[in-house]
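Protein chains: 2
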Amino acid sequence: MSGTLPFVRGFEFSAVAAGIKKSGALDMGLIHCEASATSAAVFTQNLVRAAPVVVSEVRAKKGRCRAVLANSGNANACTGEDGVRDVETLTAAVARGIGDEPAGVLMASTGVIGERLPVDVMMRAVPELLLRRRADGAGDFARSIMTTDKFEKVAVAEGRVGRQDVRIVGCAKGAGMIAPNMATMLGFVWTDADVDNLFLREATAAATDATFNRIVVDGDTSTNDMVVVLASGRANGHGGSPLRESGRGGGAAFEELLRRVMMPLAKAIVKDGEGATHVVEIRVEGAASDKDARLIARRIAESPLVKTAFHGCDPNWGRLLAAAGRAGVPVRPDGMAIKVGGVAIVKRGVGLGKERESEAKAIMRGAEYVVEVDVGVGKGRAEVVTCDFSEEYVRINGSYRS
Amino acid sequence: MSGTLPFVRGFEFSAVAAGIKKSGALDMGLIHCEASATSAAVFTQNLVRAAPVVVSEVRAKKGRCRAVLANSGNANACTGEDGVRDVETLTAAVARGIGDEPAGVLMASTGVIGERLPVDVMMRAVPELLLRRRADGAGDFARSIMTTDKFEKVAVAEGRVGRQDVRIVGCAKGAGMIAPNMATMLGFVWTDADVDNLFLREATAAATDATFNRIVVDGDTSTNDMVVVLASGRANGHGGSPLRESGRGGGAAFEELLRRVMMPLAKAIVKDGEGATHVVEIRVEGAASDKDARLIARRIAESPLVKTAFHGCDPNWGRLLAAAGRAGVPVRPDGMAIKVGGVAIVKRGVGLGKERESEAKAIMRGAEYVVEVDVGVGKGRAEVVTCDFSEEYVRINGSYRS
Numbered sequence: 001m002s003g004t005l006p007f008v009r010g011f012e013f014s015a016v017a018a019g020i021k022k023s024g025a026l027d028m029g030l031i032h033c034e035a036s037a038t039s040a041a042v043f044t045q046n047l048v049r050a051a052p053v054v055v056s057e058v059r060a061k062k063g064r065c066r067a068v069l070a071n072s073g074n075a076n077a078c079t080g081e082d083g084v085r086d087v088e089t090l091t092a093a094v095a096r097g098i099g100d101e102p103a104g105v106l107m108a109s110t111g112v113i114g115e116r117l118p119v120d121v122m123m124r125a126v127p128e129l130l131l132r133r134r135a136d137g138a139g140d141f142a143r144s145i146m147t148t149d150k151f152e153k154v155a156v157a158e159g160r161v162g163r164q165d166v167r168i169v170g171c172a173k174g175a176g177m178i179a180p181n182m183a184t185m186l187g188f189v190w191t192d193a194d195v196d197n198l199f200l201r202e203a204t205a206a207a208t209d210a211t212f213n214r215i216v217v218d219g220d221t222s223t224n225d226m227v228v229v230l231a232s233g234r235a236n237g238h239g240g241s242p243l244r245e246s247g248r249g250g251g252a253a254f255e256e257l258l259r260r261v262m263m264p265l266a267k268a269i270v271k272d273g274e275g276a277t278h279v280v281e282i283r284v285e286g287a288a289s290d291k292d293a294r295l296i297a298r299r300i301a302e303s304p305l306v307k308t309a310f311h312g313c314d315p316n317w318g319r320l321l322a323a324a325g326r327a328g329v330p331v332r333p334d335g336m337a338i339k340v341g342g343v344a345i346v347k348r349g350v351g352l353g354k355e356r357e358s359e360a361k362a363i364m365r366g367a368e369y370v371v372e373v374d375v376g377v378g379k380g381r382a383e384v385v386t387c388d389f390s391e392e393y394v395r396i397n398g399s400y401r402s
Numbered sequence: 403m404s405g406t407l408p409f410v411r412g413f414e415f416s417a418v419a420a421g422i423k424k425s426g427a428l429d430m431g432l433i434h435c436e437a438s439a440t441s442a443a444v445f446t447q448n449l450v451r452a453a454p455v456v457v458s459e460v461r462a463k464k465g466r467c468r469a470v471l472a473n474s475g476n477a478n479a480c481t482g483e484d485g486v487r488d489v490e491t492l493t494a495a496v497a498r499g500i501g502d503e504p505a506g507v508l509m510a511s512t513g514v515i516g517e518r519l520p521v522d523v524m525m526r527a528v529p530e531l532l533l534r535r536r537a538d539g540a541g542d543f544a545r546s547i548m549t550t551d552k553f554e555k556v557a558v559a560e561g562r563v564g565r566q567d568v569r570i571v572g573c574a575k576g577a578g579m580i581a582p583n584m585a586t587m588l589g590f591v592w593t594d595a596d597v598d599n600l601f602l603r604e605a606t607a608a609a610t611d612a613t614f615n616r617i618v619v620d621g622d623t624s625t626n627d628m629v630v631v632l633a634s635g636r637a638n639g640h641g642g643s644p645l646r647e648s649g650r651g652g653g654a655a656f657e658e659l660l661r662r663v664m665m666p667l668a669k670a671i672v673k674d675g676e677g678a679t680h681v682v683e684i685r686v687e688g689a690a691s692d693k694d695a696r697l698i699a700r701r702i703a704e705s706p707l708v709k710t711a712f713h714g715c716d717p718n719w720g721r722l723l724a725a726a727g728r729a730g731v732p733v734r735p736d737g738m739a740i741k742v743g744g745v746a747i748v749k750r751g752v753g754l755g756k757e758r759e760s761e762a763k764a765i766m767r768g769a770e771y772v773v774e775v776d777v778g779v780g781k782g783r784a785e786v787v788t789c790d791f792s793e794e795y796v797r798i799n800g801s802y803r804s
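Below is the structure:
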């Protein structure tokens with residue numbers, strides 16, 4: 001999917017190359033809600049929070065939004081009060097352009113940490129950004145938030161939700177520094193669904209937890225993560241009531257559509273993990289609880305030794321068992337089992353031989369596969385999606401700033 | 403320091419190339435205590451424990467030891483009951499050779515996980531191992547436990563401890579997979595001190611916590627880690643009483659000597675971290691407690707983005723702040739300060755400019771330096787030693803088994 005994203009009623013988009021990036025690539029983007037949209041947002045759990053996170057988190061609380069300003073090339077993180085003022089200046093300029101209050105404008109940034117935004121350069125670009133708004137501009141917006149990303153990440157879902165014919169479109173950015181708990185990752189989702197604000201918050205939190213918070217690239221979490229969901233309500237042409245809860249009037253169908261947009265975005269982030277060549281879904285079962293299973297899955301997904309073994313297409317089950325064993329929750333070493341792409345290579349804690357490993361190795365040469373780990377304790381289960389760890393990752397991150 | 407390790411009264415050593423490693427390098431080693439030595443041991447906290455750990459942990463409880471058998475090239479981990487029997491068979495052969503019970507023989511293994519030990523090959527090597535015992539064989543022993551290690555790790559400390567003139571010598575093995583909580587790391591320490599068993603346990607646990615548990619190579623912990631301290635008591639020629647507690651009769655001096663042997667061994671492990679080119683001491687202060695400080699220091703020390711920045715000699719303080727912010731304990735973002743090799747680059751959460759960063763960058767080109775992070779909350783402090791993350795690490799671990 002690329003530039004041909006379907007329209008969603010109530011939204012316009014634009015992007016410009018303001019000059020934040022030396023490369024001349026698109027580096028500022030705007031989502032404009034024609035009328036005030038119902039909104040919900042989720043922010044990084046890192047205690048060190050970038051200025052756009054600090055400002056947007058407060059503004060997002062009221063649940064209504066007129067525009068989202070985004071930039072790449074500079075994260076505006078660790079910039080103190082100056083950084084906060086820069087967000088206020090830029091969002092005020094956008095607000096003036098669309099005839100609203102600054103409080104109706106959110107901002108998201110990604111890029112290098114610790115440098116002031118080039119506010120003058122960006123202020124000069126705001127009029128053009130406002131001028132270029134188009135209903136079919138979403139692809140450009142998706143490209144404007146890329147940093148080391150190799151491809152833009154977009155997803156679409158459509159369906160009948162109660163009495164509404166709903167379309168949901170989203171885009172995301174993220175390459176290195178991705179871990180559960182929202183790591184340098186931006187996600188923007190817009191829909192014409194008519195959704196009550198409280199329910200939109202619940203649905204957004206649940207979908208984020210089930211998708212973006214289940215991916216790992218390098219276990220680091222960022223100062224700038226943000227997921228924003230905007231709902232214009234335009235799908236409700238019949239004057240019916242907005243979606244209010246999961247259990248009634250299409251609420252569950254809406255939640256399902258939201259996950260169907262967010263999950264491919266999350267997987268695309270892993271696929272585009274810096275230097276990644278394999279996407280691996282870690283499915284843990286047999287843990288004492290789902291929570292335990294998730295801790296084990298993450299330990300495996302974040303282990304550099306496991307990730308380098310994935311890179312070498314090596315069914316090194318000893319590293320998988322060792323990672324599971326150090327998750328800090330119960331596992332039964334002599335009850336553990338491992339399958340790679342359905343091929344059993346460990347049973348009752350011991351290997352099943354070289355022949356099985358050869359089969360597994362063949363599967364591991366593929367771009368995407370599933371590793372199942374049963375830890376032999378209870379009924380808890382969880383999935384996490386991760387990628388391999390390559391020399392390229394080190395090269396990218398050893399020289400990102402220079 | 404290499405082959406010329408000083409003698410310690412009461413101990414003999416040997417090593418052979420039994421053929422576990424295809425390379426023909428030394429792969430079996432023996433420490434023989436001429437008379438039963440007082441002993442203390444610390445084992446991996448991983449729930450998946452190799453057979454030699456399972457067996458040695460039980461035997462170590464009695465606090466007396468006649469011999470330690472070690473091998474490299476095969477970890478005897480995830481080998482089920484067969485693996486345990488193999489340990490029993492091999493240690494029984496050593497016990498017969500020195501005229502003791504198998505329960506007096508500990509075993510330590512390191513190498514690939516999930517394969518049975520080549521017991522026949524190893525049993526054939528036991529007589530030679532027994533025959534070659536020499537008081538000056540410690541250097542060979544140190545080499546026999548190496549796997550991907552580039553150099554042997556040995557250390558010596560001597561001093562007056564109460565009425566005893568004590569010598570402590572140690573060696574260690576460890577390269578990849580090193581993290582706090584005892585990660586694929588073997589440490590052996592022997593001394594002629596006369597030490598009460600309870601006190602030796604306390605001193606060993608404390609010294610391990612202050613040294614081996616403060617290092618990070620890649621955050622993975624292993625199935626096989628073990629630190630063994632053996633005390634022959636031969637330094638007590640005067641019929642005095644053994645060292646019994648920290649507060650009296652030289653106990654504190656003994657603890658200090660023990661740390662003076664273990665700390666250089668721990669640092670050598672980091673220096674020899676797979677692909678490591680820089681050794682970096684992370685000193686955290688200003689945390690709410692020492693425990694919090696340690697969590698923050700570890701988060702920084704384990705962050706792939708921080709470690710790749712170290713590799714690129716990049717004073718990327720944003721990554722340091724972001725890692726501190728996601729440690730799960732309080733930090734004050736606008737009160738944080740960072741120094742690299744004494745050069746302040748961040749104060750009150752914001753950068754101090756490019757000039758300071760250039761100075762820091764010059765320091766980071768060195769092989770060893772200190773990074774100080776003040777998180778601005780309280781008085782808690784902790785140090786952790788880590789290394790950078792290089793392409794070489796990925797190469798080594800992506801192809802270790804093939």
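Read top to bottom, the protein sequences are chains E and Z.
Here the first sequence stands for residues 1 to 402, numbered as in the numbering used here.
Here the second sequence stands for residues 403 to 804, numbered as in the numbering used here.
All C-beta atoms, glycine included, are put in the ideal place defined by N, C-alpha and C.
Source: prediction; values computed, not measured.
Considering only beta carbons, the part of the segment 331-345 of chain E lying closer than 7 angstroms to chain Z consists of VAL331, PRO333, ASP334, in chain order. DSSP links GLN164(E) through a beta bridge to VAL161(E).
A direct Cα-Cα distance of roughly 36 angstroms separates SER705(Z) from ASP542(Z). Taking the Cα of VAL773(Z) as reference, the smallest distance to any Cα among ALA495(Z), SER760(Z), GLY780(Z), ILE702(Z) is reached at ILE702(Z). Residue-level contact check: THR4(E) does not touch chain Z, since none of the beta carbons of chain Z fall below 7 angstroms from its beta carbon. A straight line joining the alpha-carbon of PHE151(E) with that of VAL270(E) spans about 12 angstroms.
Here DSSP, grouped into helix, strand and coil, assigns ILE547(Z) to coil. With 16 or more neighbouring CB atoms inside 10 Å of its own CB, VAL105(E) falls in the buried class. Contacts with chain Z at 7 angstroms (Cβ-Cβ) include GLU391(E). Here DSSP, grouped into helix, strand and coil, assigns THR491(Z) to helix.
The three-state reading of DSSP puts LEU449(Z) in coil, since its state is none of H, G, I, E or B. The Cβ-Cβ distance between GLU657(Z) and ALA605(Z) falls below 7 angstroms.
Sorting GLU530(Z), ILE500(Z), THR710(Z) by C-alpha distance to the C-alpha of ALA419(Z) places GLU530(Z) at the top.
If the five residues before and after GLU158(E) are omitted, its C-beta is found closer than 6 angstroms to the C-beta atoms of ARG167, all from its own chain and listed in chain order.
Per DSSP, the continuous beta strand (DSSP E) segment holding MET509(Z) begins and ends at 507-514.
The DSSP-derived three-state label of THR440(Z) is strand. The beta carbons of GLY778(Z) and GLY688(Z) sit about 5 angstroms from each other, so the pair counts as a contact at 8 angstroms. Residue pairing of PHE188(E) in beta bridges, as defined by DSSP: CYS171(E), VAL228(E). For ILE300(E), not one C-beta of chain Z is nearer than 7 angstroms to its own C-beta.
Around the C-beta of ALA15(E), 16 or more other C-beta atoms lie within 10 Å, and the residue is accordingly described as buried. Under the Cβ distance rule, CYS33(E) does not count among the residues neighbouring chain Z, no pair being separated by less than 7 angstroms.
When C-alpha distances from THR38(E) are compared across LEU200(E), ILE363(E), GLY342(E), LYS361(E), the shortest belongs to LEU200(E). In the DSSP secondary-structure assignment, PHE413(Z) is bridged to CYS435(Z).
According to the DSSP assignment, ASP196(E) belongs to no alpha helix (DSSP H), since it is labelled neither H nor E.
When secondary structure is reduced to three states using DSSP, SER289(E) falls in the coil class, being assigned neither helix nor strand. Closest option to ARG9(E), judged by alpha-carbon separation, among SER232(E), THR148(E), GLU391(E): SER232(E).
For a cut-off of 8 angstroms, the C-beta gap from VAL169(E) to ALA138(E) is around 6 angstroms, short enough to register as a contact. Close to GLY475(Z), with beta-carbon spacing below 9 angstroms, lies no residue of chain E; the smallest spacing is near 14 angstroms.
With a contact defined as Cβ atoms closer than 8 angstroms, VAL618(Z) and VAL786(Z) qualify at about 6 angstroms. Secondary structure at ASN638(Z): coil, using DSSP grouped into helix, strand and coil. At a cut-off of 7 angstroms between beta carbons, ILE113(E) contacts chain Z. Cβ atoms of VAL796(Z) and PHE389(E) come within 8 angstroms of each other, at about 6 angstroms. If you check the CB distance, ALA93(E) and VAL126(E) come in under 7 angstroms. Burial state of THR211(E) is buried, judged by a 10 Å Cβ sphere holding 16 or more other Cβ atoms. Chain Z places a beta carbon closer than 7 angstroms to that of ASN46(E), counting this residue as a contact. The beta carbons of PRO666(Z) and ASP598(Z) sit no closer together than 7 angstroms.
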